[in-house]
Every structure is written in C-alpha cells, then in structure tokens.
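Line by line, the protein sequences give chains A and B. Just add 5 to the spot in the first sequence (first one is 1) and you have our numbering. Just add 134 to the spot in the second sequence (first one is 1) and you have our numbering. The beta-carbon is built from N, C-alpha and C at its ideal position, and this holds for glycine as well. Remember, it's a predicted structure, so these values are computed and weren't measured experimentally. Okay, so here's the structure we're looking at.
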Amino acid sequence: LAKTTQPISMDSYEGQEVNITCSHNNIATNDYITWYQQFPSQGPRFIIQGYKTKVTNEVASLFIPADRKSSTLSLPRVSLSDTAVYYCLVALAGYQKVTFGIGTKLQVIP
Amino acid sequence: NAGVTQTPKFRVLKTGQSMTLLCAQDMNHEYMYWYRQDPGMGLRLIHYSVGEGTTAKGEVPDGYNVSRLKKQNFLLGLESAAPSQTSVYFCASTRSGESYEQYFGPGTRLTVT
C-alpha cells in the first residue's frame, strides 16, 4: 500500500487560495489519487480524484506531476465553511485494504 | 435517497456486553466498508464486503465480526466489548470495484466503560 505524507495542519485567511501537498513516493502504476474532506461529527466526503496532470471540478483542483510522487489539492478562495480535515489517499479502485491517514486540518481565519 | 445511514448514532456499553451496528445504503452499491476513527489515528478499515454474502478483513479486524446478508445492509458486531473499542465508527459504500468515490454514513459514537 502506498504511504502518504501530508502536513498535519494549515491556517489560511478567508478569500485566499489554499494548496495542500501530499507525498506518495511509492505509488503504484495503477493507483489513483483521491482527496476527501471531513467536517467535525460527519463522515468524510469525496472531493476529487485523478491519475496524472490536472483535474478540476466545481470544488477544487488537483495537480499531479509527471512522476506522480506527490499531488496538490488546490482550494480557490476559501471561506470559513472550508474549515475541515482533508485526506489524501492513494489506492486502486474499490478501496480494499485502504487506510486514511490523519489528514491535514485546515483552519480558515476571518 | 437517504444515502448511507447508520444505527444507532450513540451508544454506551459496559465491558463484556455485545451489540450490533447497522449500516444501510439505498444506492444499490456493491462494496461496503466499516471504519473506526480514533483521535490522532485517522480512519482505519475494520472489515469490508465486495458483495452480498461476502466479507473480508481490513487493517484492524480483531474483536469485530460482520455480515452482509442483504446487499443494502452491512452489520458490524462486537461480541464482547472492550474499552479499546471506544471510537467513532463509520460505514461507507462504493458503487463497484471500479469506483473511487466512497459515500460515508454519519457515524456511530460508541463508548465502552
């Protein structure tokens, strides 16, 4: 299983762009990269998924360099409601035997 | 669609008691999962199921049993609860083995005294 490393916490002011980088040096050829968001007292929620280059949806962008050993989740113009824990996962489809790490706790400041 | 629901939301058990947590999904998903979340530990996979009638062990299966008698339900059982099983339990589902999007339930907070 690919191990991931991401910052434990980050602070950002409202309206700024936030970039959270995840390292996954031993990613396998067939692994995909996914990011989840978790608010207090709720289950995680899928944000975005990618294999390489750039993926964008209505919530975030995901940048993956050619070597795929890292990925960066980009949240444009964050608001207070984006305060949450963000998890980076590297896995095959189906999520068998996958563990979420401790994630990155993002605190958005007014 | 209710999505993924979990019953109960909260429970307090005494050491040695047993209980069953129920997870239900109405999205016709094939795969279902049980995780536990402890402070500073992230989410760890307990057991999972790739279809009705099948189950498999995850990272931390000891002390738990599961059953998937119906496609929409995934039950997690604690036969003899221990204080180390105090945690928040999350159920999740995915559409198939080709899917990367997991849908999570709201969680069950279990305290074992």
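Does any CB atom of chain B fall closer than 8 Å to the CB of Thr-104 (chain A)?
Thr-104 (chain A) counts as touching chain B.
Extent of the continuous beta strand (DSSP E) to which Ser-221 (chain B) belongs:
First-last of the beta strand (DSSP E) with Ser-221 (chain B): 221 to 228.
Identify the residues that DSSP records as bridge partners of Gln-159 (chain B): which are they?
Answer is B:Val-138, bridged to Gln-159 (chain B).
Can you give me the C-alpha to C-alpha distance between Tyr-85 (chain B) and Val-90 (chain A), rounded to a whole angstrom?
Because chain B in this structure spans residues 135 to 247, residue 85 (chain B) falls outside the shown range and cannot be described.
From Ser-227 (chain B) to Ser-84 (chain A), what does the alpha carbon distance come to, in whole angstroms?
So the two alpha carbons sit approximately 29 Å from each other.
Go through its chain and collect everything with a Cβ distance to Ser-221 (chain B)'s Cβ below 7 Å, but skip five positions before and after it.
Excluding five sequence positions before and after Ser-221 (chain B), the CB atoms of its chain that fall closer than 7 Å to its own CB belong to Arg-170, Gln-171, Asp-172 and Leu-244, given in chain order.
Looking at chain E, which residues of the stretch 191 to 213 of chain B have a Cβ within less than 7 Å of any of its Cβ atoms?
Given the protein chain composition of this structure (A and B), no chain E is represented.
Whole-angstrom C-beta distance between Tyr-182 (chain B) and Tyr-165 (chain B), which should lie under 8 Å:
Indeed they touch by this definition, with Cβ atoms about 7 Å apart.
CB contact below 8 Å: Arg-178 (chain B) versus chain A
At least one C-beta of chain A is nearer than 8 Å to the C-beta of Arg-178 (chain B).
Tell me, please, which residues DSSP counts as bridged to Ser-75 (chain A).
For Ser-75 (chain A), which the question treats as bridged, DSSP gives the partners A:Ser-28.
Would you say Ala-89 (chain A) faces chain B, with C-beta separation under 8 Å as the test?
No, Ala-89 (chain A) does not count as interfacial toward chain B.
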